[in-house]
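So the structure is just underneath, and the comments pick up after that.
Residue numbers (my numbering): 10 to 294.
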């Protein structure tokens, strides 16, 4: 049986037998050893290069403080990656696998119909006690329905380094602490069901986040944003109290799953079976 077919079956099984049930039962789940050491290292090295090159900028707040950097509230530095950039082959491969998992979840995600996602937000907490206060990714219906975070931190010791993602599932009697360990992939609902925080980090902490959008809610959010923009333009209003809709989503093109050989080149050098599409950032969480 071709290896690509085996990978497809494995991903489909993970999506249907693990991710979907966990999301519906507790609102989140994670997969460890997702890419494996070799491929995960390639992603990590590229993220480190982006950090060292100065490509990352202070994360901004959304909502009433849209576009504002408040380091005591949000201490990460970020940049947005589409996956098509030079040197980002490993990131592109990672995104293709996550896209495939979400596609396999399909109609089993309840009311959601996913056909777009954001670009990947590469984030670094610099290790000076930086964190991110409790918040909800999508409190006001901007279209984001699933948050997916891939962690890149080797030899992470939460007792020493902190940096835990703490989730406060709505209506549940427990909290969930997710350590940001290397090659861990986390999924959770983006709306008010999952308030969460990043606890202070005392070592450099890397993560990559993508958001998947519900088509109907996303279209409505874009419509509201266009109407608000027209209104503000006519009346000369520039109040920060108006919440912006997230920037244009990536149209997700899902590449065919393939072996990671010779820097993830496919055997015939082509990509087929586009199922989703992907250009712009999805709004700051």
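Ideal Cβ placement from N, Cα and C applies to all residues, glycine included.
Considering only residues of the same chain and omitting the five flanking positions on each side of residue 100, which have a CB-CB separation below 7 angstroms?
Same-chain partners within the cutoff: 52, 55, 90, 92 and 129.
Given this structure, state the Cα-to-Cα distance separating residue 217 from residue 111, to the nearest angstrom.
The alpha-carbon atoms of residue 217 and residue 111 are separated by roughly 16 angstroms.
For residue 28, which of helix, strand or coil comes out of DSSP?
Helix.
Give the secondary structure of residue 211 by DSSP, where H, G and I count as helix, E and B as strand, and everything else as coil.
Coil.
Please state the DSSP three-state secondary structure of residue 65.
Correct three-state label for residue 65: coil.
Tell me the DSSP bridge mates of residue 313?
Nothing about residue 313 can be read from this structure; the chain reaches only from 10 to 294.
Please classify residue 83 as buried or exposed, where buried requires at least 16 neighbouring CB atoms within 10 angstroms.
That one is buried.
Near residue 190, what residues of its chain come up, given a Cβ to Cβ distance below 7 angstroms and the 5 sequence neighbours on each side ignored?
Same-chain partners within the cutoff: 160, 162 and 165.
Which whole runs of the alpha helix (DSSP H) in the stretch 153-239 are 4 residues long or more, in chain order?
Listed in chain order, the complete alpha helix (DSSP H) runs (minimum 4 residues) inside the stretch 153-239 are 167-170.
Which term fits residue 184, buried or exposed, when burial requires 16 or more other beta carbons within 10 angstroms of its beta carbon?
With fewer than 16 Cβ atoms within 10 Å of its Cβ, residue 184 is classed as exposed.
On the DSSP letters alone, give me the boundaries of the beta strand (DSSP E) that residue 143 sits inside.
It spans 139-144 - the beta strand (DSSP E) in which residue 143 sits, taken as one unbroken run.
Counting Cβ pairs closer than 8 angstroms, one from the stretch 231-238 and one from the stretch 195-209, do we hit at least three?
Taking 8 angstroms as the limit for Cβ pairs, the verdict is that the stretch 195-209 does not touch the stretch 231-238.
Could you name the residues of the same chain whose beta carbon sits closer than 6 angstroms to that of residue 270, not counting the 5 residues immediately before and after it, in chain order?
With a pLDDT of 29 at residue 270, under the threshold of 50, the predicted position of this residue should be treated as unreliable, and no value is reported.
Which residue's Cα is closest to the Cα of residue 86: 43, 119, 94 and 131?
Ranking the options by Cα distance to residue 86, first place goes to 131.
Among the residues of its own chain, which have a CB less than 6 angstroms from the CB of residue 145, if the five just before and after it don't count?
Only 201 and 204 meet the Cβ criterion.
Ordered along the chain, which non-local residues of its own chain (more than five positions away) have a Cβ less than 6 angstroms from that of residue 193?
Closer than 6 angstroms at Cβ, skipping near neighbours: 39, 41 and 160.
Considering only their Cβ atoms, is the gap separating residue 134 from residue 214 smaller than 9 angstroms?
Yes, they are a contact pair.
Mind checking which residues open and close the alpha helix (DSSP H) that includes residue 113?
From DSSP, the alpha helix (DSSP H) with residue 113 extends over 98-114.
Please identify the residue among 186, 22 and 115 whose C-alpha is closest to the C-alpha of residue 155.
When only C-alpha atoms are compared, the closest one is 115.
Along the chain, where does the beta strand (DSSP E) that runs through residue 126 open and close?
Segment 123-126, the beta strand (DSSP E) holding residue 126.
Exposed or buried, what is residue 45 when buried is set at 16 or more other beta-carbons lying within 10 Å of its beta-carbon?
Label assigned to residue 45: exposed.
Report the rounded CA-to-CA distance for residue 97 versus residue 243, giving the unit in angstroms.
Their Cα atoms are separated by approximately 42 angstroms.
Which residues in the same chain as residue 66 place their Cβ atom closer than 8 angstroms to its Cβ, once the five residues preceding and following it in sequence are excluded?
Closer than 8 angstroms at Cβ, skipping near neighbours: 86, 87 and 88.
Cα separation between residue 210 and residue 188?
Distance between the alpha carbons of residue 210 and residue 188 is about 11 angstroms.
Taking a contact to mean a Cβ-Cβ separation below 9 angstroms, would you say residue 230 touches residue 151 in this structure?
Closer than 9 angstroms, so yes.
Name the residue from 104, 167 and 63 whose alpha carbon lies nearest to the alpha carbon of residue 138.
The shortest C-alpha separation from residue 138 is found at 167.
According to the neighbour-count rule (16 or more other Cβ atoms, all chains shown, within 10 Å of its Cβ), is residue 68 buried or exposed?
It counts as buried.
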